[in-house]
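Engineer: Oh and the sequence shown: position 71 is 71 in UniProt numbering, straight run, nothing missing.
Backbone N, C-alpha and C define an ideal beta-carbon position, used for all residues, glycine too.
Supplied in structure tokens, the structure appears directly below.
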Amino acid sequence: MRGEYGVGIRIAVPSKGRLREPVLRLLEAAGIEPLYSPDATRALIVPTNWDNVSLVYVRPEDIPAIVSAGGAELGITGLDYIEEHGGEGLEIVEGLGIGRARLVVAVPEEAPVESIRDLPDGVRVATKFVNIARRFFESHGVRARIIRITGSAEAMPRLGVADAILDVSSTGTTLRLHGLRVIAEVMRTEAKLIRGSHVDPQDPLVEVIVEAVRSVLRARGYKLVLMNVPEEVLEQVVEVLPSMSGPTIARVEGPRPMWEVITVVPEDRLAHVLVEARKRGARDILVLSVDRVIP
């Protein structure tokens, strides 16, 4: 999309970490691609294939503050960072279903602790999520000494810096490698598309970007199925086909009465639908990926 809107929009995206690649792949699927990698030039603001849209590469934890302050109109970052910021000046537009993880409290394997209730007053907790940690421990009546860090928290107990950590865990592998075990889940997180409160949600370009992203999200888990169906079994085949508003049916020119049937099938039902349709006489079945869904 080039030159259709006069007002530029900046989208803040993670410059590093577990969210960076999934976020860039999602934007690419929505048709928004950077014209070059920021790694090649160390640029923080990179133009995209849309004349009036640029990507701002910043640390994921800084994205809520940057969007709130007007440094970018839109942003994509984790709910954990949004909660840590406090959410002031922000609107969550959409959950993106990527970067899912848990924010947990973990202690050394050998620690005589089974739950938050077992932690002593004054327990030292290393975390980059200082605000979340303070609220969490206060809500459980634990007086904790919060130690702010900016890097990896997992090594802090072994270094004697902390007795416990509060950090993000996707699979738990990193915690186990550092001899840590989870004693509490603080929250679940995933990437969110956010908009600054100062931004008009009905701004035409904002609407286009949001709808482009949503169309990709809607397409997840669906397949486009095409098949040829002899006329005498058409009704029986259509009976087993799910669809959004109804299958599309068109006559096939050939030596015998035949119909082409097109429908959209949830991926978790695909195998069952294909077997049933074939049993009832469908043939020449094609299954294609769905890139976008716009209702």
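Which same chain residues, not among the five before or five after residue 297, have their C-beta less than 6 Å away from its C-beta?
Structural biologist: Past the boundaries of the shown model lies residue 297; the chain is included only from 1 to 295, so the question cannot be answered.
Engineer: For the region 203–210 against the region 237–247, are there 3 or more C-beta pairs whose distance is under 8 Å?
Structural biologist: With the cut-off at 8 Å, the region 203–210 and the region 237–247 do not touch.
Engineer: From what residue to what residue does the beta strand (DSSP E) around Tyr222 run?
Structural biologist: Counting along the chain, the beta strand (DSSP E) containing Tyr222 begins and ends at 222–230.
Engineer: Lys192 lies in the beta strand (DSSP E); which residues open and close that run?
Structural biologist: From DSSP, the beta strand (DSSP E) with Lys192 extends over 191–196.
Engineer: Going by C-alpha to C-alpha distance, which of His198, Glu28, Gly160 sits closest to Arg292?
Structural biologist: Comparing Cα positions, the closest option is Glu28.
Engineer: Let me make sure I understand the geometry here. Which of Thr189, Ala164, Val186, Glu88 has the alpha-carbon closest to that of Gly179?
Structural biologist: Of the candidates Thr189, Ala164, Val186, Glu88, the one whose C-alpha sits nearest the C-alpha of Gly179 is Ala164.
Engineer: Rounding to the nearest angstrom, what Cα-Cα distance links Val168 and Leu103 in this structure?
Structural biologist: Near 4 Å, if we compare the C-alpha coordinates of Leu103 and Val168.
Engineer: Sort out for me which residues DSSP pairs Ala146 with in a bridge.
Structural biologist: One point to set straight first is that residue 146 is Ile, not Ala, in the sequence displayed. Paired residue(s): Val125.
Engineer: Tell me whether Gly3 sits in a helix, a strand or coil according to DSSP, three-state version.
Structural biologist: In this prediction, Gly3 scores a pLDDT of 43, lower than 50, which makes its location untrustworthy; the coordinate-derived value is nonetheless stated afterwards. Gly3 falls in the coil class under three-state DSSP.
Engineer: Ignoring anything shorter than 4 residues, give me the alpha helix (DSSP H) runs that lie fully in the region 12–70, in order along the chain.
Structural biologist: Segments of the alpha helix (DSSP H) lying fully in the region 12–70: 20–29, 38–41, 63–68.
Engineer: Just the Cα atoms here: how many angstroms apart are Arg158 and Gly196?
Structural biologist: Taking the straight line from one Cα to the other gives about 40 Å.
Engineer: How big is the Cα-Cα spacing for Glu185 and Ala106?
Structural biologist: Roughly 9 Å between the two C-alpha positions.
Engineer: Tell me where the alpha helix (DSSP H) around Pro266 begins and ends.
Structural biologist: It is not in any alpha helix (DSSP H) - Pro266 instead sits in the beta strand (DSSP E) that spans 258–266.
Engineer: Put Leu119 into one of helix, strand or coil per three-state DSSP.
Structural biologist: The answer is coil: DSSP assigns Leu119 none of H, G, I, E or B.
Engineer: Measuring CB atoms only, is the region 86–104 touching the region 15–29, in the sense that at least three cross pairs come out at less than 8 Å?
Structural biologist: Contact holds: three or more Cβ-Cβ distances are below 8 Å.
Engineer: Sort out for me which residues DSSP pairs Ile285 with in a bridge.
Structural biologist: Ile285 pairs with nothing; no bridge assigned.
Engineer: So, under 8 Å CB-CB, Glu26 and Val216 are touching, yes? Tell me the CB distance rounded to an integer number of Å.
Structural biologist: It is Leu, not Glu, that sits at residue 26 in the sequence shown. About 6 Å separates the two Cβ atoms, so the contact holds.
Engineer: Using C-beta distances below 8 Å, list every residue in its chain close to Val67, excluding the 5 sequence neighbours before and after it, in chain order.
Structural biologist: Within the same chain, Val67 has close Cβ partners Ala12, Glu73, Leu74, Gly75, Gly89, Leu90, Ile194, Arg195, Gly196.
Engineer: Using the beta-carbon count (16 or more within 10 Å), is Arg214 buried or exposed?
Structural biologist: With 16 or more Cβ atoms within 10 Å of its Cβ, Arg214 is classed as buried.
Engineer: With H, G and I counted as helix, E and B as strand and the rest as coil, what does DSSP make of Leu270?
Structural biologist: Looking at Leu270 - three-state DSSP - the assignment turns out to be helix.
Engineer: Tell me where the alpha helix (DSSP H) around Ala133 begins and ends.
Structural biologist: Run containing Ala133: 130–139, per the alpha helix (DSSP H) assignment.
Engineer: For my contact list, Ala250 and Glu260 are in at a C-beta cut-off of 8 Å; report their separation, rounded to the angstrom.
Structural biologist: Rounded, the Cβ-Cβ distance is 5 Å, consistent with contact.
Engineer: Which of the three DSSP states is assigned to Glu94 in this structure?
Structural biologist: In the structure shown, Glu94 sits in a strand (DSSP, three-state: E or B).
Engineer: With DSSP as the reference, label Arg188 as helix, strand or coil.
Structural biologist: The answer is strand: DSSP assigns Arg188 an E or B state.
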